[in-house]
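Peer 1: Adding 243 to a residue's 1-based position in the sequence shown gives its number in the working numbering. Even for Gly, the Cβ is constructed at its ideal location relative to N, Cα and C. Predicted model only: the values in this text are computed from it and were never measured. This structure is in structure tokens; I'll ask about it shortly.
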Amino acid sequence: MSGERISVAQAHRLARMNIIAGFLVWGIALAGVSMMMPVMYNSILESMHWTIGETTRFMAIKSATSAMGGLVAGPLLVRVGAKKVLLPSVFVIGIATSLLYFAHSLPFYYALAAVSGVCSVWSVIAIQVTLARWYSASLGRNTGFAMLGGALAGFIVPMSTRMGVTHFGWHATAGAAGLIVLVLVGLSISLLVHETPEAYGYTADELDPGKGRPSGGVPDLGEDFASFRKTPQFWMLILATALSGVISNGINEYIPLFIEKHTTLGATVAALGFTIVMLISGLGKILFGWVFDRLSTKGVALCWALCGVAALATFPLAGYATFLAFTILRGVSHGGVIVQAPVLARHIYGVRALPQVISLLTAAFHLGAAAGIVAIGAGVDKTGGFTVPFIVVAAVAFVAAGIGWQFHPRHWAGQQAAAKA
């Protein structure tokens, strides 16, 4: 421990400030901006005369560059620190989103997606690493609370985007959103984020010991990254996380289009459906955060299996009852996937290699999401419907769940408590 020791109450207050920062980053700069795009797709199609594949490729490119950005995020965070990565990244997200106001060609549209993708993943990783450094036994639950910002965005963004597009067009709607990110989130980060408890004389195990370990003694920091980076388990973890990107973010991009174009429910219900999914994902974040704190990696595997069930629930989607069932399943499972990375990294490998592991897991997730968006879009264009792509998504989800069931959470408080018993 390197910092002057403050009171426990003050340390807990700083930890909660990081949760608030995560809430704002996720709700406005990350989920908020991402949620706008699927709602705007149909307007973009009509005004720009692009194909479905060309239009939805925005998020595919964003996910692909997020994957590439994730590959270098670990060393970057180790070298300069989480806050020095997070703050400029959020500023760039705001600028790139504002510049959509001037997007009238595919190359410029895609360039903004690429820039936003890199900075989005750096923001995600920075806030996840920060939370994982401050919390131990309750990491899943508190990450879920931070990511509830996405649920708030789900309540506000889809319907407000729909209204903005209707009255002002998609260019102006995107431009205004970017300004909100630039001013509100940038200022909040500068005031709220605190990188490590060690700077204030504590470790996460002392501040958040849980029932599985005592709140004193020498903390187990876990292995060095070099000791496991070439092991089969680590690469199976990377593969399963990539598959989770396919089954979560890949399918999310098509919910409004699917409801609007392949059901009789209409455009307003399509936007409402996306809103419900994102709202329920807030419940899913807390629910699966609680599950992850108690079941660890097996809880993550169950979440992935539920993503497959949600994909299959699209097939009877016709009236409002089946619509509600689908949105509940999709929302809960999506919420769990959002929380998974810091839990998998900390529970399996400990604290020492957090930046590297979370970075690579996030890169894998976004690579899978990019592949999923492209594959689903191509499948829809080729087959004229979502049946075959969604069946494939369900199969991928069950494969991912089978892989995830085999992981061993050696640095999870529950596993340590069982070993002592």
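Could you work out which residue in I271, G579, T294, V600 is closest to V315 when comparing CA atoms only?
Peer 2: Looking at the Cα atoms, V600 is the closest of the given residues.
Peer 1: Kindly indicate which residue of L604, I581, L597, Y284 has the alpha-carbon position closest to the one of E496.
Peer 2: Here the closest residue by C-alpha is Y284.
Peer 1: Where does H437 fall in DSSP's three states?
Peer 2: H437: coil per DSSP, three-state reduction.
Peer 1: Could you tell me the distance, in whole angstroms, from the CA atom of G459 to the CA atom of D448?
Peer 2: Below a pLDDT of 50, predicted positions are generally treated as unreliable, and G459, at 49, falls in that range; no measurement from the model is reported.
Peer 1: Might you give, ordered along the chain, the residues of its own chain that have their beta carbon closer than 8 Å to the beta carbon of I262, omitting 5 neighbours on each side?
Peer 2: Only L374, N385, F388, A389 meet the Cβ criterion.
Peer 1: Could you give the distance in angstroms between the alpha-carbon of L576 and the alpha-carbon of L395?
Peer 2: It should be pointed out that residue 576 corresponds to Ser in this sequence rather than to Leu. Approximately 17 Å, taken between the alpha carbons.
Peer 1: Express the C-alpha separation of A356 and A258 in angstroms, rounding to a whole number.
Peer 2: Rounded to the nearest angstrom, the two C-alpha atoms are 32 Å apart.
Peer 1: Can you tell me whether DSSP reads D624 as helix, strand or coil?
Peer 2: The answer is helix: DSSP assigns D624 an H, G or I state.
Peer 1: Quick check on Q253: buried or exposed, where buried means 16 or more other Cβ atoms within 10 Å of its Cβ?
Peer 2: With fewer than 16 other Cβ atoms within 10 Å, it is exposed.
Peer 1: Does the segment 575-593 come close enough to the segment 611-619 to have 3 or more Cβ pairs within less than 8 Å?
Peer 2: Because the criterion of three Cβ pairs below 8 Å is not met, the segment 575-593 and the segment 611-619 do not touch.
Peer 1: Kindly give me the distance between the Cβ atoms of D451 and Y378, rounded to whole angstroms, as I take these residues to be in contact under 8 Å.
Peer 2: Confirmed, about 5 Å.
Peer 1: Once you ignore the five residues that flank K326 on each side, which residues in its own chain have a CB closer than 6 Å to its CB?
Peer 2: So the qualifying residues of the chain are V436, E438.
Peer 1: Is W478 buried or exposed, if buried means 16 or more other CB atoms sit within 10 Å of its CB?
Peer 2: With fewer than 16 Cβ atoms within 10 Å of its Cβ, W478 is classed as exposed.
Peer 1: Looking only at its chain, what residues have a beta carbon closer than 6 Å to the beta carbon of I490, apart from the 5 residues adjacent to it on each side?
Peer 2: Cβ neighbours of I490 beyond the five flanking positions: C550, V636, V639, A640.
Peer 1: So is G611 buried or exposed if we call it buried at 16+ other beta carbons inside 10 Å?
Peer 2: Under this definition G611 is a buried residue.
Peer 1: Are S332 and C362 close, meaning C-beta to C-beta below 8 Å?
Peer 2: Yes, these two residues count as a Cβ contact at 8 Å.
Peer 1: Determine the direct distance from the alpha carbon of T630 to that of F501, and round the result to whole angstroms.
Peer 2: Computed Cα separation, rounded: 11 Å.
Peer 1: As a quick exercise: from P350, I432, V251, pick the residue whose alpha carbon is nearest that of L267.
Peer 2: It is I432.
Peer 1: Can you say whether R248 is buried or exposed, counting buried as having 16 or more other CB atoms within 10 angstroms of its CB?
Peer 2: So R248 ends up on the exposed side.
Peer 1: Considering only their Cβ atoms, is the gap separating V282 from T404 smaller than 8 Å?
Peer 2: In this structure, V282 lies closer than 8 Å to T404 by Cβ.
Peer 1: If you draw a straight line from the C-alpha of G421 to the C-alpha of A415, how long is it?
Peer 2: Whole-angstrom Cα-Cα distance: 10 Å.
Peer 1: Going by beta carbon distance, what residues of the same chain come within less than 6 Å of G579, once the five residues before and after it are set aside?
Peer 2: Within the same chain, G579 has close Cβ partners G527, F531, C546.
Peer 1: Given that a residue counts as buried once 16 or more other Cβ atoms are within 10 Å of its Cβ, and exposed if not, what is V251?
Peer 2: Burial call: exposed.
Peer 1: When you compare each of L382, I523, I519 to M402 by their alpha carbons, which one comes out closest?
Peer 2: Nearest C-alpha to M402: I519.
Peer 1: Under 8 Å, do D536 and S381 count as touching if we go by C-beta distance?
Peer 2: Yes, Cβ-Cβ distance for D536 and S381 is below 8 Å.
Peer 1: For F650, does the three-state DSSP call read helix, strand or coil?
Peer 2: F650: coil per DSSP, three-state reduction.
Peer 1: Taking Cβ positions, are F334 and G265 nearer each other than 8 Å?
Peer 2: Going by C-beta atoms, F334 is not nearer than 8 Å to G265.
Peer 1: Could you give the first and the last residue of the continuous alpha helix (DSSP H) run that contains D448?
Peer 2: Per DSSP, D448 belongs to the alpha helix (DSSP H) from 447-450.
Peer 1: Going by beta carbon distance, what residues of the same chain come within less than 8 Å of W293, once the five residues before and after it are set aside?
Peer 2: I287, L349, listed in sequence order.
Peer 1: Who are the near neighbours of A339 in its chain, counting only those whose CB is closer than 6 Å to its CB and skipping five residues on each side?
Peer 2: Within the same chain, A339 has close Cβ partners L355, V358, S359.
Peer 1: Buried or exposed: M406, going by 16 or more other Cβ atoms within 10 Å of its Cβ?
Peer 2: Exposed, because fewer than 16 other Cβ atoms sit within 10 Å of the Cβ of M406.
Peer 1: Using only the alpha-carbon positions, how far apart do L320 and A607 sit?
Peer 2: If I take the Cα positions, the gap works out to 18 Å.
Peer 1: Whole angstroms is fine: what's the gap from G627's alpha carbon to I368's?
Peer 2: Each residue's alpha carbon lies about 37 Å from the other.
Peer 1: Mapping the DSSP letters down to three states, classify Y378 as helix, strand or coil.
Peer 2: Coil, per DSSP.
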